[in-house]
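Chemist: In the order they appear, the protein sequences are chains A and B.
Here the first sequence stands for residues 1 to 871, where the numbers follow the numbering used here.
Here the second sequence stands for residues 1001 to 1242, where the numbers follow the numbering used here.
Every residue gets a Cβ at the ideal spot worked out from N, C-alpha and C, and that includes glycine.
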Amino acid sequence: MFGFTKRPLFLIAWKNLKTYPVRILLTTSSIILGVAVIIASNIFSESNKSAFDNLFSGIYEGIDLVVNPVQEDFAGDFAGSGGQGPISFDLKKISDEKIKEIENLPGVKGAWGEVLGFAQYIKIVDGETVFISNGFAPTFGAAWDTSPYAKQWELVEGKPPTNNKEVVMDITTAENNNYTIGDRVTVLAGATPASFTIVGISEFANVGSPGGATFALFEFKTAQRLLDSEGEVDIINIVIENNADIETVRASIENIDKGNLEVINAQEAAAEQADGIKQGLNFFNTILNVFAGIALFVGAFIIQNTFRILLLQRTKELSLLRALGTSKNQIYRLVLSESIFMSVIGSGIGIGLGIGLAVAVKEGLKYFQFGLPDGPLVLTTEAAITGAIVGISVTILSSLLPARKASQVSPMEAIRESELTPKGKSLFKRLFFGSLVTTLGFAMLFGVLYDFLDLPTLSGLQQVGFGAGVIFVGVSIITPSITKPFIFLFDKIYEIIFGILGKLATENSKRTPRRTASTASALMIGLTLISLANVITTSFKAQAESVVGEVVKADYQISAAQVFVSPGIPTGLSDELLALDEVTELARTRATIVGFEDRPLILGGIDEEIFDLIKTDEVAGSRESFTKQNAMGVLKQKAERDDLKIGDEITLTIPEQGVEKYIISYIFDWTTPPAAEFFLLIDNYSFFTNESLDTEIYFNVKNKNDATQEKLDQIVADYPGAKLRDQDGLVEEANTQIQQLLNVIYGFLSISVFVALFGITNTLSLSVYERTREIGLMRAIGTYRKQIRRMIFIESSIISIFGAALGTGLGIFFAWSLIEALKDDGFTTFAISTPQTFSWIGISILAGVVAAIIPAIRASRQNILEAISYE
Amino acid sequence: MNKLIETIDLTKIYGEKETAVTALNSINTEFNQNQFTAIMGPSGSGKSTLLHCLAGLDKASSGSILIKGVDLASLNDKQLTKMRRDSFGFIFQAFNLIPTLTAEENITLPSSVAGKKPDQSWVEEIIKTMDIGDRLTHRPNELSGGQQQRVAAARAMASKPEVIFADEPSGNLDSKSSKELLIFMKSIVEDLNQTIVMVTHDPYAASYAERVIMLKDGEIANDLDKPSQEEIVSEVTALTDI
Ligand SMILES: Nc1ncnc2c1ncn2[C@@H]1O[C@H](COP(=O)(O)OP(=O)(O)O)[C@@H](O)[C@H]1O
Ligand SMILES: [Mg+2]
């Protein structure tokens, strides 16, 4: 007797997979990639979370209590939301005399003050000023803690700073920039740079430097002076006696200066702050998961397609099973169990690849000095399970339909010598439903743009987005039925360019319109998103260009070089510029935080000349009346939102000065809204004139020529925190930033294009397989191998052009409608980058050709005799 | 008469060692220009193998095939392909036509592949002879079996090859279509100086040829000059009876 097995179908399924490992790889390639991205993004964010946990427990290591100054309500709000920028916070600090007082309290073992502010290491490379920083991480200056209880910073080498000429550098910065003890280094803290000798290299809580920030650690008094904290500290750290009760000590400290000190439990604070950052990371993770989702969505298309293809190739085998008495249901289960095997294997490989990807991303970010805390990679069980579940379920769900179809194969198929090419069902139903859905989408979309349909609960923009989604689905349904007409478009062109090979290739794509369409659809998804991103950003760029040209009328603008680093431009610069003969007109902007209706508010300070140097639309009131004492200017949007009119009274709480009343005398509109919405004339108020920093400077010159430029460059060079740009420079800068963002998006979206390639490879492989005879015949009558390969390449280009054209068209249209919908918000420019659009179409075609290499080689190597003999 | 093809000790062995099958055993013969030759023999006697080797579709195991003095074994795949394209025409038993191309496109396929313009008046003449003028824009699946084979024959003729190889060209046809095709083939040899080598197992088909080679077990058993149908039948019977 033959071996008897209880589960013969399961065995067949397993044998099948074992025999065709390449098949598994092809089918699951898309799943592998999707799962890999999910896993990688999870590892990445989990690792960063745990690194931040370590970081914050490091910050508060050995500390029991932290004394904070109580801020005025609004300022506290503002500081908490992380609103740093070129705005001087008049945050309250604690007098350093309190340290002694606290140390003498019962239960307190030790107390030391912390002084922290912005400080920037500077080096000169080839005559250019270079700011040393780790990517977007901040740059700090702080006081070196001399208390025996302070454990945050530990010297790796050298000695602590003891005078105003010495500095201790964090180890990460030292290593990255090759600094050693004894080197001189320039530090910009506050307004003017100064030179220091590095006397020590230190490490923060075993992580090099916290969060990738650069640190300049000064002797205590020096730190106070440089960081704008004369006689003050930002916080006081407390270590209590072992036997003391933490709550009692806490209360006794707060009692020293009732109402002005807030004492918090350090360990609780560590957890809280880490949580805050983790939420930010979660957002990043969500974005990565969206991209993973797109890749998986494309993957689902491809799996379905590949399954169909593989099953078609095995029609004979399956129908033989049917002829031998296997029921439909059993065939269905056979195919499903194969898909289960594949999904498990695919997800497994995906998880492995994801780990690799995470390592690569981490190393990559390190290379680009993207400051994130260092630490081991963490793969949580949840992440692994999520990845596996998603991968397995997407695979199985996408195989349901093909499995059902396979189970319906007739037992006769095995005996019959049949055409392998599937008979296409009528595409009319598809066209009908697809058009219906597409029309619905158009109605929703144009409903917003032309004001005839307004769906409840959706905002206009949401409705446009939703409509676009519906159109996309509709077009996906229609695609198979428009494949023929589409190919018909370039039928003739292809024949002219490629001759009979072009004709054969186009005919072949028409033969299986469904397959051609679904393969192209996978590519369409990626290209839609890519061209959407492309057009939106190009339009933004064009907008920026026209806005800069229109809005900034000044010849030059000066702003803080690095918004997060330097708090502004020392006022000495604007004074120097004003003294120049070449400068004809100049306006400064300053900013301060005030309280308005119990909330923090940025109050702008401006010179009257600004109205000449920035395009201003007068709405109400006049420029003259604005120059009067206690006259206030308001931006149009703010006035409309709060229903403010000329003559209205605005009450502000000015720090260290109290409540003041201002009269609205001028309402105007600036196209690029600055951070502030309320404005006062700088010269009328001491809190603005006493300010040591400008946020921006605008000015005109007599003659904008090289000599003037040189003179200006020379002056600005003395202020490393300031950046001088003319109009071209402004445009260029905006464009560079937008392009960088776009490149990141492109990077993520190209994953989906990559996934789509596997689909093209699969489809062409099947197409070649089905045409074994045809290709053999062509070879017999004298077609070169090279020509056969060319034919397959041409066929692949048809698929990719189809997908790319549809995707690009849809993407451009969606971008157009989004911009139309944003018209009222000031977006008026619609622009397409033709080179980028065509580059992407070119890349798609090229990618299609790459995907066709394997099928093309296989086709050209086909045995002629096998093709023309029949037994 | 001009010698077009010559075989010297042509041997073809399939498989290796115990499973080796000698399909052709030291065949020495030649095919002349402007001659219609039929290759006959029982099933498995090596007819197709001989044709495939002559046409450069398969490689001989030993011995050589000279086409106008050129040894096929000395040609690489590209040169062989070019020879098939420019010097040979093919008619197979079935699946002769590319399903996505029209009859006309199929007829001109070899010259299209060569990137050449077909000789228009020549193609028209063949089409007229084949009586397929009203079928030119049809796809193969819209043609009858006889029409398909005539289109295939027209294709084989269109590029004015030195020789046409046909493997059971009338094998799948009814007797009327079969007769029409054979009359045509005979006429192109007689009227248009074509050379044809045709494999068949049908004595009636073979009777259209001027020369009939009988194969048995991969060897030439008989070589008949202008035999009648009766002669062929009796030879075939003799061959199978032994
Ligand atoms: N590809 C092949 N592999 C192994 N044996 C083959 C192959 N092709 C033909 N043969 C064998 O060679 C012999 C001759 O075959 P063939 O030339 O097809 O005969 P005929 O066309 O006269 O029927 C037969 O025994 C056949 O089984
Ligand atoms: Mg045969």
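#1: Answer yes or no: do A/Ala520 and A/Ile345 have a C-beta to C-beta separation smaller than 8 Å?
#2: Specify, as a first and last residue, the run of the alpha helix (DSSP H) that A/Lys316 falls within.
#3: Where A/Leu357 and A/Asn48 are concerned, what is the direct C-alpha to C-alpha distance, given to the nearest angstrom?
#4: So with CB distances below 9 Å, who are the chain B contacts of A/Asn508?
#5: List the DSSP bridge partners of B/Ser1064.
#6: Give me the chain B residues within the contact set of A/Ala780, using Cβ-Cβ distance strictly less than 7 Å, ordered along the chain.
#7: Taking 6 Å as the limit between beta carbons, can you name the residues of its chain near B/Ala1103, skipping five residues before and five after?
#8: Check for me: the alpha helix (DSSP H) holding A/Tyr666 runs from which residue to which?
#9: Look at the Cβ atom of A/Gly352, then the Cβ atom of A/Val239, and state whether they are nearer than 8 Å.
#10: What residue from A/Ser327, A/Ser393, A/Asn164 and A/Ala295 has the CA that sits closest to A/Ile340's CA?
#11: Does DSSP classify A/Gln557 as helix, strand or coil?
#12: Helix or strand or just coil, what does DSSP make of A/Ile864?
#13: Taking the alpha-carbon positions, what's the A/Thr506 to B/Lys1117 distance?
#14: Around the C-beta of B/Lys1128, are 16 or more other C-beta atoms found within 10 angstroms, so that it is buried, or is it exposed?
#15: Specify, as a first and last residue, the run of the alpha helix (DSSP H) that A/Gly811 falls within.
#16: Mind checking the stretch 1059 to 1081 of chain B against chain A and listing, in chain order, the residues whose C-beta falls within less than 8 Å of any C-beta there?
#17: Going along chain A in order, which residues have a C-beta closer than 9 Å to the C-beta of B/Val1113?
#18: Is B/His1201 close to chain A, meaning its C-beta is less than 8 Å from at least one C-beta of that chain?
#19: Just to make sure I have the definition right: I need the residues of chain A whose C-beta is within less than 7 Å of the C-beta of B/Asp1110. Which are they?
#20: Please state the DSSP three-state secondary structure of A/Gln224.
#21: Pull every residue with its beta-carbon under 6 Å away from any heavy atom of ligand 1, and keep them in chain order.
#22: Verify the contact flag: A/Trp112, CB atom, against every heavy atom of ligand 4, threshold strictly below 7 Å.
#23: Should B/His1052 be flagged as near chain A, meaning a C-beta pair shorter than 8 Å?
#24: What does B/Phe952 touch in chain A if you count any residue whose Cβ is under 9 Å from its own?
#25: Considering only the alpha carbon of each residue, which of A/Leu449, A/Ala639, A/Leu693 and A/Lys645 lies closest to A/Phe670?
#26: Between the stretch 544 to 555 of chain A and the stretch 612 to 622 of chain A, are three or more C-beta pairs nearer than 8 Å?
#27: Which residues, in chain order, does the stretch 838 to 868 of chain A contribute to contact with chain B at a C-beta distance below 7 Å?
#28: By Cβ distance below 8 Å, which residues in the same chain neighbour A/Ile868 in space, the five residues on each side in sequence not counted?
#29: Buried or exposed for A/Ser93, please, with buried defined as at least 16 other CB atoms from any protein chain shown within 10 angstroms of its CB.
#30: The alpha helix (DSSP H) that contains A/Glu624, what's its start and end?
#31: Is A/Tyr719 buried or exposed, if buried means 16 or more other CB atoms sit within 10 Å of its CB?
#32: Counting only runs of 3+ residues fully inside the stretch 88 to 119 of chain A, write out the beta strand (DSSP E) ranges in chain order.
#33: Whole angstroms is fine: what's the gap from A/Ser95's alpha carbon to A/Ala142's?
#34: Taking the C-alpha atoms as reference points, what is the distance between A/Val563 and A/Ser133?
#35: Given a cut-off of 8 Å, decide if A/Ser625 and A/Tyr666 are closer than it, judged by their beta-carbon atoms.
#36: Going by C-alpha to C-alpha distance, which of A/Ala847, A/Asp183 and A/Ile682 sits closest to A/Asn690?
Modeler: If we stick to the structure as given:
#1: no
#2: Thr315 to Ala323
#3: 15 Å
#4: Thr1100
#5: B/Ile1008
#6: Leu1057, Arg1084 and Phe1090
#7: Arg1135, Leu1136, His1138 and Val1151, listed in sequence order.
#8: First-last for A/Tyr666: Gly658 to Asp669, but that is the beta strand (DSSP E), not the alpha helix (DSSP H).
#9: no
#10: A/Ser393
#11: strand
#12: helix
#13: 21 Å
#14: exposed
#15: Arg785 to Ala821
#16: Asp1077, Lys1078 and Thr1081
#17: Gly499, Ile500, Leu501, Met778, Ile781, Gly782, Thr783, Tyr784 and Gln787
#18: no
#19: Asp is not the amino acid found at residue 1110 of chain B; the sequence shown has Pro there. The contacting residues are Ile781 and Gly782.
#20: helix
#21: This criterion selects B/Tyr1014, B/Gly1015, B/Val1021, B/Ala1023, B/Gly1041, B/Ser1043, B/Gly1044, B/Ser1045, B/Gly1046, B/Lys1047, B/Ser1048 and B/Thr1049.
#22: Looking at this structure, you won't find ligand 4 anywhere; what it does contain is ligand 1 and ligand 2.
#23: Chain A, which has a Cβ nearer than 8 Å to the Cβ of B/His1052, makes this yes.
#24: Because residue 952 of chain B is not part of the residues shown, which for chain B are 1001 to 1242, the question remains open.
#25: In the sequence as presented, Phe is not what sits at residue 670 of chain A; that position holds Trp. Selected option, being the one with the closest Cα: A/Ala639.
#26: yes
#27: Listed by position, the residues of the stretch 838 to 868 of chain A near chain B (Cβ gap below 7 Å) are Ile864, Leu865 and Ile868.
#28: Arg773, Gly776, Leu777 and Ala780
#29: One detail in the question is off: residue 93 of chain A reads as Lys in this sequence, not Ser. Its Cβ being crowded by 16 or more others within 10 Å, A/Lys93 is buried.
#30: Arg623 to Phe626
#31: buried
#32: 108 to 114
#33: Cα to Cα, the separation comes out at about 16 Å.
#34: Confidence is the limiting factor: at A/Val563 the pLDDT is only 49, short of 50, which leaves the residue's position unreliable, though a coordinate-based value still follows. Going by C-alpha positions, A/Val563 is about 13 Å away from A/Ser133.
#35: With contacts defined by Cβ atoms closer than 8 Å, A/Tyr666 and A/Ser625 form a contacting pair.
#36: A/Ile682
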